[in-house]
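Every position in the sequence shown, counted from 1, becomes a number in my numbering once 398 is added.
Beta carbons: idealized from backbone N, C-alpha and C, even for Gly.
All values reported here derive from a predicted model rather than from experimental measurement.
Each remark here refers to the structure printed beneath this line.
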Amino acid sequence: MSPVMELQNRGTKFASKDHHSEHDIAGGIGTEGSGYTRDDRDLIRLGKRPVLRRNFGFMSILGFSCTVLITWEGMFVISTSSLLNGGPAGLLWGYLIVWVGMMSTYAVLSELASMAPTAGGQYHWVSILAPDSSRKFLSYLTGWLTMAGWQAVTASAAFLIGSLLQSTIVLANPSYAPEPYQTMLFLWAILAFAVFINTVASKTLAHFEGMILVLHILGFFGVLIPLVYLSPHGDGKAIFTTFVNFGGWETQGLSFMVGLPASVFSLVGADSAVHMAEEIRNASTVVPQAIMSSIVLNGILGFAMMTGYLICFGNLETNLEAVLGSYETLGFPFLYVFQTGTGSTAGAVVMSLIIVVLGICSTVGVLASSSRMLWSFARDRGIPFWRTFIKLNRRTSIPVYTVAFTTFVSVLLSLITLGSTVAFNNIVNLSVAGLYASYLLSCGLLLWRRLITVGGIQPYNTAGGSLIGPGKLQWGPWRIPGILGVANNIFACCFLLLLWVWAFFPPSTPVTPETMNFSVLTFGAVVLFAVVWYFVQGRKEYKGPVVEIEADL
Numbered sequence: 399m400s401p402v403m404e405l406q407n408r409g410t411k412f413a414s415k416d417h418h419s420e421h422d423i424a425g426g427i428g429t430e431g432s433g434y435t436r437d438d439r440d441l442i443r444l445g446k447r448p449v450l451r452r453n454f455g456f457m458s459i460l461g462f463s464c465t466v467l468i469t470w471e472g473m474f475v476i477s478t479s480s481l482l483n484g485g486p487a488g489l490l491w492g493y494l495i496v497w498v499g500m501m502s503t504y505a506v507l508s509e510l511a512s513m514a515p516t517a518g519g520q521y522h523w524v525s526i527l528a529p530d531s532s533r534k535f536l537s538y539l540t541g542w543l544t545m546a547g548w549q550a551v552t553a554s555a556a557f558l559i560g561s562l563l564q565s566t567i568v569l570a571n572p573s574y575a576p577e578p579y580q581t582m583l584f585l586w587a588i589l590a591f592a593v594f595i596n597t598v599a600s601k602t603l604a605h606f607e608g609m610i611l612v613l614h615i616l617g618f619f620g621v622l623i624p625l626v627y628l629s630p631h632g633d634g635k636a637i638f639t640t641f642v643n644f645g646g647w648e649t650q651g652l653s654f655m656v657g658l659p660a661s662v663f664s665l666v667g668a669d670s671a672v673h674m675a676e677e678i679r680n681a682s683t684v685v686p687q688a689i690m691s692s693i694v695l696n697g698i699l700g701f702a703m704m705t706g707y708l709i710c711f712g713n714l715e716t717n718l719e720a721v722l723g724s725y726e727t728l729g730f731p732f733l734y735v736f737q738t739g740t741g742s743t744a745g746a747v748v749m750s751l752i753i754v755v756l757g758i759c760s761t762v763g764v765l766a767s768s769s770r771m772l773w774s775f776a777r778d779r780g781i782p783f784w785r786t787f788i789k790l791n792r793r794t795s796i797p798v799y800t801v802a803f804t805t806f807v808s809v810l811l812s813l814i815t816l817g818s819t820v821a822f823n824n825i826v827n828l829s830v831a832g833l834y835a836s837y838l839l840s841c842g843l844l845l846w847r848r849l850i851t852v853g854g855i856q857p858y859n860t861a862g863g864s865l866i867g868p869g870k871l872q873w874g875p876w877r878i879p880g881i882l883g884v885a886n887n888i889f890a891c892c893f894l895l896l897l898w899v900w901a902f903f904p905p906s907t908p909v910t911p912e913t914m915n916f917s918v919l920t921f922g923a924v925v926l927f928a929v930v931w932y933f934v935q936g937r938k939e940y941k942g943p944v945v946e947i948e949a950d951l
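Right, here's the structure in full:
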């Protein structure tokens, strides 16, 4: 009897010797094909037991991916850096460069997600792609980089939205004096909402994300139409040709490159769908489709919004410095544009609150993705206390311990804001550095496998039933074939390497403790801790993705 049939005979319970617990599974293995669904078959071929409920379809996971990215909303929040280093033209052309590069990158990650649709994502892919001599260590390091990146995304998303909420209050009531502890309390409140949806109301998560997709699109028009209709317009050509260098760099080209990574934060994180893969129906096709659809849709909305936003600056020669100068009073220059453009403080507040609400909803998906990635890494014994973190709630099959831990990390990081927002901003930068490093390792190793003839990747085979792992690689149903796939893979690697290096540059010169980009230190600290822990304890427990069940399909 095959292991799959044995599991089917057990009904809806899976006993895991490795996990020392039983997990209730809704609906059992299924009745498709030989008695199990394609999703279960894909997981079993990766050596993993299906233990999470598959509540997401294409539209709900598309909503999940789009609202984790929240590109048009996020560009308002983080565009100041690009305006200071590059100006309007630098912002728009830089955005287009980053968008094209991220589409290329996510196309490669989509191929990997189709090949191995598991919540582990990058570290699991590295494990099956890397050479034998470095497989375990590279996989372990990738896991830590991905985990750290997503933990930083969770904290930074809540922080940025909490800060925007404070600035909106200042806009409505100029006598209000924001305090750091209030930012922290707003951050906690946002996290509490995200925890509630992810635990108490977890059964509604898929429907919630589908609803937020609708609000994401309606909110776009709710902000863009009044802004463009009511504001005085500047020269449409000028926004594509006006470069500035307020950062004090030696050349305009250097200034442009320093401002380039700012657009990255609003386009990073589409791999959130990957970490939800074990909760998605038809994951090997739906995950790639959702990733690519979300980056295309969000990219279009983001570019359209930024174009409209910059046109509403009016005369750039007279207004650009005034817009950027509002940073000192409001914290976010776009609030000044909303207010002066519409001629209504109340209207500007409502438009800002649309962004705040969508940002709060975004943290729900960010927390879900972060917790699933952490749970998967714990399942493979990549972190301390993995026996605790792998436990699922018997009623909901939600990894509540990893949800709680991710929230706890964000709460701890929020305490930094009491002393210095500069220090916290370096935590924000860690999200880009960590995730980009994990993308680069995954894309680079896939390119290596593509180019070698021995131990390469076999064509997709729906009837195949062998374990997918080192030396047994097989394409999934979604891929870019032939030389086009290789060319795209090469471009993605070059783009990631370039942006990863520039992510560590400070925003202006001369460099002072207040303007220094310390993300290289936070990134280095994560790598150092991971390496030290690996040699102290990790290598004894982490052997790569654990084979929980042998495939015999």
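Reducing DSSP to helix, strand and coil, say where residue i ends up.
| i | result |
| --- | --- |
| residue 946 | coil |
| residue 855 | strand |
| residue 635 | coil |
| residue 459 | helix |
| residue 454 | strand |
| residue 620 | helix |
| residue 417 | Any reading at residue 417 must be qualified, since the residue scores a pLDDT of 39, below 50, and its modelled position is unreliable; the value itself is stated next. Coil. |
| residue 871 | strand |
| residue 915 | coil |
By alpha-carbon positions, which one of the options ends up nearest to residue i?
| i | options | result |
| --- | --- | --- |
| residue 703 | 615, 655, 672 and 761 | 615 |
| residue 511 | 474, 444, 538 and 486 | 444 |
| residue 859 | 875, 531 and 799 | 875 |
| residue 391 | 608, 886 and 553 | Nothing about residue 391 can be read from this structure; the chain reaches only from 399 to 951. |
| residue 848 | 820, 663, 881 and 836 | 881 |
| residue 866 | 528, 440 and 455 | 440 |
| residue 560 | 540, 572, 577 and 581 | 581 |
| residue 780 | 613, 932 and 520 | 932 |
| residue 478 | 724, 503, 496 and 613 | 724 |
| residue 606 | 900, 937 and 459 | 459 |
| residue 838 | 883, 743, 939 and 892 | 892 |
| residue 595 | 801, 654, 909 and 684 | 801 |
| residue 940 | 538, 498 and 462 | 538 |
Tell me which same chain residues have a C-beta within less than 6 Å of the C-beta of residue i, skipping the five on either side of it?
| i | result |
| --- | --- |
| residue 629 | 710 and 739 |
| residue 485 | 640, 641 and 642 |
| residue 856 | 872 |
| residue 518 | 774 |
| residue 712 | 630 and 632 |
| residue 636 | 714 |
Can the beta-carbon of residue i be found closer than 8 Å to that of residue j?
| i | j | result |
| --- | --- | --- |
| residue 507 | residue 672 | yes |
| residue 574 | residue 816 | no |
| residue 500 | residue 698 | no |
| residue 488 | residue 905 | no |
| residue 834 | residue 784 | no |
| residue 670 | residue 608 | no |
| residue 788 | residue 770 | no |
| residue 527 | residue 843 | yes |
| residue 804 | residue 765 | yes |
| residue 492 | residue 682 | no |
| residue 741 | residue 625 | no |
| residue 533 | residue 868 | yes |
| residue 531 | residue 942 | no |
| residue 453 | residue 603 | yes |
| residue 364 | residue 610 | Nothing about residue 364 can be read from this structure; the chain reaches only from 399 to 951. |
| residue 520 | residue 836 | yes |
| residue 658 | residue 496 | yes |
| residue 456 | residue 687 | yes |
| residue 469 | residue 664 | yes |
| residue 502 | residue 831 | no |
| residue 809 | residue 586 | yes |
| residue 900 | residue 612 | no |
Enumerate in chain order the residues of its own chain whose CB-to-CB distance from residue i is below 8 Å, with the five nearest sequence positions on each side excluded.
| i | result |
| --- | --- |
| residue 828 | 546, 547, 550, 917, 920, 921 and 924 |
Take residue i and list the residues in its own chain whose beta-carbon comes closer than 7 Å to its own, dropping the five residues that flank it on each side.
| i | result |
| --- | --- |
| residue 475 | 558, 562 and 730 |
| residue 376 | Because the chain spans 399 through 951 in this model, residue 376 falls outside it and cannot be assessed. |
| residue 446 | 516 and 946 |
| residue 416 | Because residue 416 carries a pLDDT of 40, less than 50, the predicted location of this residue cannot be relied on, and no value is offered for it. |
| residue 695 | 464 |
| residue 592 | 761, 762 and 765 |
| residue 504 | 668, 689, 690 and 693 |
| residue 583 | none |
| residue 430 | Because the pLDDT at residue 430 is just 41, under 50, the model does not fix this residue reliably, and the value given afterwards should be weighed accordingly. Closer than 7 Å at the Cβ level, and outside the excluded window around residue 430, lie 436. |
| residue 721 | 711, 731, 734 and 735 |
- Item | Meets three-Cβ-pair contact criterion under 8 Å: the segment 580-599 and the segment 610-626 | no
- contact_flag[the segment 905-916, the segment 820-837] where n(CB pairs < 8 Å) is 3 or more: yes
- Query: So, do the segment 649-661 and the segment 674-681 have three or more beta carbon pairs nearer to each other than 8 Å?
  - Reply: no
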